[in-house]
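Working notes for the structure below.
In the numbering used here, the protein residues as written are -7 to 621.
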């Protein structure tokens, strides 16, 4: 048997992300899926689309979900893999956002017309081919994210395209579906969800694999996001839009990475996944050339007695919990388990990911990283002897309850076998550092079957579908009609306060529109960021009232920031901002002039503003100082 790699220096060498040219040479292909939440009511239920600010709840229920066969009579491989984890799911809900439909105790009500209209509008924006009849389907999901064990989804349209700097990106499908439950806690054998997000309408858009670079992926996502923002009921803010990216290279297979909420992360996700795939293919080739074939009956060797006196905290903790320690030997794999597939992501990480998902274990030890973690050189030598390891061999060690250890090592065995095939088709989770973690195998068409509780929808009966004003067009209108500069117009159009701005600017034409836009946009953000003001406590009605006071001259612009701060802390009192008459104004300023004889105008202005604390406008103070001087 030939060893693939023995040089410890090589195994520790850092792996750098592939360059754009390298990605082009490798034939990078990518597609993107966008999931956008909509305002209004839930897609098949009466409750509003409110997400709790905390995890409080009024009721709780528990479920165990199994995978069911799809329309073709087969069980989807991804759903089957989830069901084998045998997790118990706990669901918590608030009476204001969830009820009998969310708990699967009642059938769905008819589809929300507002959400349906939005999906049809979006299809028209992209010039997609709208289905004449819309059939709601059930998509089997056994990970507990839906109390029913399936997600309701309806194909709205196919086809369409968008123009990008790298050419046309085709649209493959536009769907309308219900969002899943919100995860609160995730434990090895229990997962806790909140029901407030379950059923919120989602528009899902999937592109063809026409994206050719990491930045192109970001550009495509941004363009689709701008089109979505044209919809009047498009939700705004963190967590309301999610991006999934699909990545493949030559000799590889499609891998889907789910859950990129930050658009800035998308290019790095694409680059890192392509890098991982490239090194997996290199590893496959090395294994093939070395004739290093791993059999699927890798023996599980019990090391519990051997390590009975180990002082490793992980080993001791598991022994105290009546756990066991088992290992498998990997012939000829010395140096491979520690090899990087991407920056800070190793073959061992790949194996550990499978073990965590399938068995709920905390992780694993491998010989390339030992001695370490409290395992001594002497113990390492004993382990190698027990396993019959030669210099060229490696091993994997797992400590936990016996059932978990068996599941973990079986999952590791399966992943090791897959290394010989290159890249498995799978779904992965986006991590904050742009790496990804294994979630489940790639789902198949077997997971789909018709939803019999929701009637067919004929699109011609929905009436005329009018395309809403697009984001770029609205920006230009804001520049023209409200005299905003380009940056402020763009910011306002894309913010959560777009409609509020138009309402205030139309109603209070004696207040400059730019001041309104600045106040409800950048000013609130700066107060939150720099002064830690709890701006989330300032409601839309609060803002409307403050601008009404301003229009009625009960408040002046110089007071607005303090008024916002007081409102955020629930201390606003209009009496604190009452103006003063001209006699008192002149008296106050004269006193400041007398106490600061010879001071320049700017200094007098500053002291006067501080003394009057918004009881007079800057214009009034300036005019009075000049008069008294």
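Yeah, the Cβ is synthetic: ideal placement off N, Cα and C, and Gly gets one too.
- Between residue 176 and residue 149, the gap from beta carbon to beta carbon reaches 8 Å or more.
- Here the segment 266 to 275 makes contact with the segment 412 to 424; the two share three or more CB pairs at distances below 8 Å.
- Beta-bridge analysis with DSSP links residue 429 to 421.
- Using a Cβ distance threshold of 8 Å, residue 205 and residue 158 count as a contacting pair.
- With a contact defined as Cβ atoms closer than 8 Å, residue 320 and residue 233 miss out at about 43 Å.
- Residue 616 sits away from residue 576, with the two beta carbons spaced by 8 Å or more.
- In the DSSP secondary-structure assignment, residue 383 is not bridged to any residue.
- Using a Cβ distance threshold of 8 Å, residue 442 and residue 63 count as a contacting pair.
- Around the beta-carbon of residue 517, fewer than 16 other beta-carbon atoms lie within 10 Å, marking it exposed.
- Between residue 103 and residue 37, the C-beta spacing is not below 8 Å.
- If you draw a straight line from the Cα of residue 436 to the Cα of residue 353, it is about 27 Å long.
- Going by DSSP, residue 100 is part of no beta strand (DSSP E) at all; its letter is neither H nor E.
- Taking each of 304, 171, 256 and 408 in turn and checking the Cα distance to residue 279, the smallest one comes out for 408.
- Proximity to residue 535 across 523, 261, 507 and 522 peaks at 507, based on C-alpha coordinates.
- Beyond the five residues adjoining it in sequence on each side, residue 212 comes within less than 8 Å, by CB distance, of 24, 154, 156, 161, 199 and 203 in the same chain, given in chain order.
- Distance check between residue 242 and each of 499, 370, 257 and 21 places 21 closest, using alpha-carbon atoms only.
- Straight across, the Cα-Cα distance linking residue 337 with residue 449 is about 47 Å.
- For residue 610, the enclosing alpha helix (DSSP H) starts and ends at 610 to 620.
- Scanning 604, 323 and 184 for the CA closest to the CA of residue 282 turns up 323.
- Across the structure, residue 11 and residue 418 are spaced so that their CA atoms are roughly 24 Å apart.
- Within a 10 Å sphere around the beta-carbon of residue 229 sit fewer than 16 other beta-carbons, which makes this residue exposed.
- In the displayed model, residue 434 falls within coil according to three-state DSSP, outside both helix and strand.
- Of 379, 590 and 295, the smallest CA-CA separation from residue 392 is found for 295.
- DSSP, reduced to helix, strand and coil, places residue 298 outside both helices and strands of the structure shown, so it counts as coil.
- With a 10 Å radius around the Cβ and a threshold of 16 neighbouring Cβ atoms, residue 365 comes out exposed.
- Taking the C-beta atoms as reference points, residue 372 is found nearer than 8 Å to residue 362.
- For residue 442, the enclosing beta strand (DSSP E) starts and ends at 440 to 442.
- Counting C-beta atoms within 10 angstroms of its own C-beta, residue 125 has fewer than 16 neighbours from the protein chains shown and is therefore classed as exposed.
- Between residue 447 and residue 60, the alpha-carbon positions lie close to 22 Å from each other.
- Contact between the segment 61 to 80 and the segment 134 to 150 is present: 3 or more CB-CB pairs across the two stretches fall below 8 Å.
- The beta carbon of residue 111 sits closer than 7 Å to those of 148, 166, 168 and 195, all from its chain and outside the five residues before and after it, given in chain order.
- Comparing alpha-carbon positions, the option among 258, 603 and 302 lying closest to residue 584 turns out to be 603.
- Residue environment: residue 26 is assigned as buried (16 or more neighbouring CB atoms within 10 Å of its CB, all protein chains considered).
- The DSSP-derived three-state label of residue 186 is strand.
- Cβ contact annotation for residue 342 (same chain, cutoff 8 Å, sequence separation greater than five): 333, 407 and 430, in chain order.
- Ranked by how close their Cα comes to the Cα of residue 79, the residues 178, 340 and 484 have 178 in first place.
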